Amino acid sequence: MPFSSLTDSRDLALAQAALEAVWAEIKPDVPPLNVERERTRLAYIIAGLAHAALDQENLKRAALERYREQP
265 MPFSSLTDSR DLALAQAALE AVWAEIKPDV PPLNVERERT RLAYIIAGLA
315 HAALDQENLK RAALERYREQ P
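Counting in my numbering, the sequence shown runs from 265 upward without gaps.
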């Protein structure tokens with residue numbers, strides 16, 4: 265589970281909201297066979313960035329940037 269490392273309720277809520285927001289943006293470009301894998305990959309990216317995020321917008325931008333630079 266990607267968010268199991270997040271013990272702070274604020275970080276967890278921030279991560280979940282960012283995941284939904286970023287996923288809504290990128291999902292249309294993800295091939296149907298890769299949906300589960302790519303959503304999980306995005307969740308791990310967000311989990312790794314959540315502790316350092318200033319707010320949801322900051323986390324969304326950072327996650328989207330990291331997602332797009334990694335194949």
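Heads up, the beta-carbon is just placed ideally off N, CA and C, and yes, glycines get one too.
Bear in mind that the values here come from a model prediction, so they are computed numbers and not experimental data.
Proximity winner among Glu333, Glu302 and Ser273, relative to tryptophan 287 (alpha-carbon distances): Distances from the CA of tryptophan 287 to each of Glu333, Glu302 and Ser273 were compared; the closest alpha carbon is that of Glu302.
Just to check my reading of the structure: alanine 314 and leucine 270 have Cβ atoms closer than 8 Å, yes? What is that Cβ distance to the nearest angstrom? Rounded, the Cβ-Cβ distance is 6 Å, consistent with contact.
Helix, strand or coil: which one does DSSP assign to glutamine 334? The answer is coil: DSSP assigns glutamine 334 none of H, G, I, E or B.
Would you identify the three-state DSSP class for aspartate 293, choosing helix, strand or coil? Here aspartate 293 sits in helix by DSSP.
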